[in-house]
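In this note's numbering, the protein residues as written are 15 to 155.
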């Protein structure tokens, strides 16, 4: 993956990193080395992004979903439920796909509020102008 900050800094180099011929066969390392030679190092941005992700994981660990938040476990096609004794019992009458569908619906943000138990969101197919979304990507963080 390419961290957004890396892409923005690399693209801002403009002609300094322009290459004569880039095709589907061009080795990615060649491009990364060209950008690195101009002062923007992918490895530095990648390491910072991974460090940030790990920091967020650690910070949010106390708020992550806990086992008690869920009524069932799904392993492949098998659904199990935790019994009063703490052991998990197989529920052969339950469909794993239906459990996963219910979880997806409970966790999704799209389309809220629901109307008649269905999402009410819409799809906007026209691209926004850069000035309308410029605040989305603050590189300084």
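Note that beta-carbon positions come from the ideal geometry of N, C-alpha and C, so glycine has one too. Model, not experiment: these values are computed from the prediction.
Could you tell me which of the options sits nearest to residue i, measuring between CA atoms?
i	options	result
residue 101	23, 86 and 113	86
residue 117	79, 142, 67 and 19	79
residue 109	95, 121, 99 and 122	95
residue 15	61, 125 and 49	61
residue 135	126, 146 and 147	126
residue 120	99, 103 and 84	84
On the criterion of 16 or more Cβ atoms from any shown chain inside 10 Å, does residue i qualify as buried, or is it exposed?
i	result
residue 128	exposed
residue 59	buried
residue 56	buried
residue 51	exposed
residue 140	exposed
residue 36	exposed
residue 11	Nothing about residue 11 can be reported from this structure: the residues present for the chain run from 15 to 155 only.
If residue i sits next to residue j, beta carbons under 8 Å apart, how far is it from one beta carbon to the other, in whole angstroms?
i	j	result
residue 54	residue 23	5 Å
residue 17	residue 63	4 Å
Just grab the DSSP bridge partners of residue i for me.
i	result
residue 89	92
residue 129	132
residue 103	95
Can you name, in chain order, every residue of its own chain whose Cβ lies under 6 Å from the Cβ of residue i, other than the five neighbours on each side?
i	result
residue 113	86, 88 and 93
residue 49	24 and 31
Spatial neighbours of residue i within its chain, please: C-beta separation below 8 Å, excluding the five flanking residues on both sides.
i	result
residue 105	86, 93, 94 and 95
residue 42	none
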